[in-house]
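Reminder that position 50 of the sequence shown reads as 50 in full-length UniProt numbering, one-by-one numbering, no gaps. Here is the structure we will look at, set down as structure tokens.
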Amino acid sequence: LTLDRCVHITDIGVGYISTMLSLSALFLRWCSQVRDFGIQHLCGMRNLQVLSLAGCPLLTSSGLSSLIQLRHLQELELTNCPGASRELFDYLREHLPRCLVVE
């Protein structure tokens, strides 16, 4: 599911998306209203293999760290996320060893 640059997508919208449990790929690039709370909704999506949150300015390392619950994740794109720290990338790589984390 590709929703790149959908500036009206909020945490509530991400909550609705998270009910699509068979979804394997989700692209939310440059969705400027998505916050950490919305990301926590995604942690129940056990079939998610590809997730792109590139350019989401409101996400923080604290919220993004919850993504380690997505054990089947193969690719995670977090480029241009100003709230993502070096420590976060190290943490994600340690806890998701089979996932390509793109910073």
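Even for Gly, the Cβ is constructed at its ideal location relative to N, Cα and C.
Bounding residues of the beta strand (DSSP E) (the contiguous stretch that carries residue i)
i           : result
residue 132 : Nothing about residue 132 can be read from this structure; the chain reaches only from 1 to 103.
Close Cβ partners of residue i (< 6 Å) along its chain, the five nearest in sequence each way excluded
i     : result
Ala54 : Arg29, Glu77, Thr79 and Asn80
His41 : Val14, Gly15 and Ser18
Which residues DSSP lists as bridging residue i, in chain order
i      : result
Val102 : Glu77
Phe27  : Thr2 and Ser52
The alpha helix (DSSP H) enclosing residue i, as first and last residue numbers
i     : result
Gln40 : Asp36 to Leu42
Ile12 : Asp11 to Ile17
Ser61 : Ser61 to Leu64
His95 : Arg86 to His95
Contact set for residue i: own chain, Cβ-Cβ below 8 Å, skip 5 residues either direction
i     : result
His72 : Arg46, Asn47, Leu48 and Gln49
Open item on the list: With three or more beta-carbon pairs closer than 8 Å as the criterion, would you say the segment 59-68 touches the segment 7-26?
Closed with: Judged by Cβ distances under 8 Å, the segment 59-68 makes no contact with the segment 7-26, as fewer than three pairs qualify.
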